Amino acid sequence: MNVLFDIIRFSAGSILWGVLIALLCMAAFVFIIKGWWKNAVFTIGTYIVGAVLFVLLSVQCVLICGSIKIINTTDMYEERISTMLSGIDGSYMLSMEENDKIIEGLIDRYPILENYIGGGDFSGHKAADIPSVMAGELRSFMKEYIMRRLLWCLGFVVVAGVIAIKTITLENSMRRSAPRRSDSARTMPDRSARRHMRRRR
258 MNVLFDIIRF SAGSILWGVL IALLCMAAFV FIIKGWWKNA VFTIGTYIVG
308 AVLFVLLSVQ CVLICGSIKI INTTDMYEER ISTMLSGIDG SYMLSMEEND
358 KIIEGLIDRY PILENYIGGG DFSGHKAADI PSVMAGELRS FMKEYIMRRL
408 LWCLGFVVVA GVIAIKTITL ENSMRRSAPR RSDSARTMPD RSARRHMRRR
458 R
């Protein structure tokens, strides 16, 4: 949950992009349904499913956009770590305490990183390698996070699609059956009228 709020707070500008992407996904969702069932009629249940799906997709898309923004700023964090280690010999192997101090200093400057590298163990690496190692760890974490968000989006779309299809087919079946009943009702008076005419003859 902390990751969610951190990403949204860090990348407020990503909210607009996330909502726009969600709208495009919804347009594609409707296009696929209409393309498969050309006579499909959306019911109230279908619109409710669509609204819920839009909200869920919007949240996931905002998180994805925010994560991409964090990945794009990883070079900034790497430069900061390099500055913090500028006074240390590049071949020096960091201890656990020194590792913790570097992470604490970085988190103090960029609190959002606490959820990604906080508690990480980077000891045993040379001082010259620490900036790239920490940056690589951050990129790896965010890529896995984005992949999980994409899987959630896929799951939401599949579930919503199954529910929406059920509401659409029920509405279609009711409308298709109505004309048949009316046609049969119309033919009954015609037959009785013919019989009455024959009797008169």
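At position 182 of the sequence shown the residue is numbered 439 (the numbering used here), and the sequence of numbers has no breaks.
Just so it is clear, CB atoms sit at the ideal spot from N, CA and C, and this is done for glycine as well.
All of these numbers come straight from a predicted model, not from anything done at the bench.
Give the straight-line distance between the Cα atoms of residue i and residue j, rounded to the nearest whole angstrom.
i      : j      : result
LYS423 : TRP409 : 22 Å
GLY307 : ILE289 : 13 Å
VAL287 : TYR349 : 59 Å
GLU355 : SER271 : 35 Å
ALA384 : ILE403 : 30 Å
LYS358 : GLY393 : 19 Å
SER315 : GLY275 : 6 Å
ILE327 : ASN296 : 45 Å
THR303 : MET353 : 56 Å
MET283 : SER397 : 29 Å
TYR367 : VAL414 : 35 Å
GLY292 : ALA285 : 10 Å
When burial is assigned at 16 or more other CB atoms within 10 Å of the CB, is residue i buried or exposed?
i      : result
ALA417 : buried
ILE305 : exposed
ILE301 : exposed
If residue i and residue j are in contact, beta carbons under 8 Å, what's the gap, nearest whole angstrom?
i      : j      : result
LEU342 : PRO388 : 7 Å
Indicate the three-state DSSP secondary structure (helix, strand or coil) for residue i in the structure shown.
i      : result
LYS295 : coil
Check for me: the alpha helix (DSSP H) holding residue i runs from which residue to which?
i      : result
GLY307 : 301-329
ASP386 : Taken as a continuous stretch (DSSP letters only), ASP386 belongs to no alpha helix (DSSP H), as it is neither H nor E.
GLU363 : It should be pointed out that residue 363 corresponds to Leu in this sequence rather than to Glu. Looking at the DSSP string, the run of the alpha helix (DSSP H) that includes LEU363 is 353-366.
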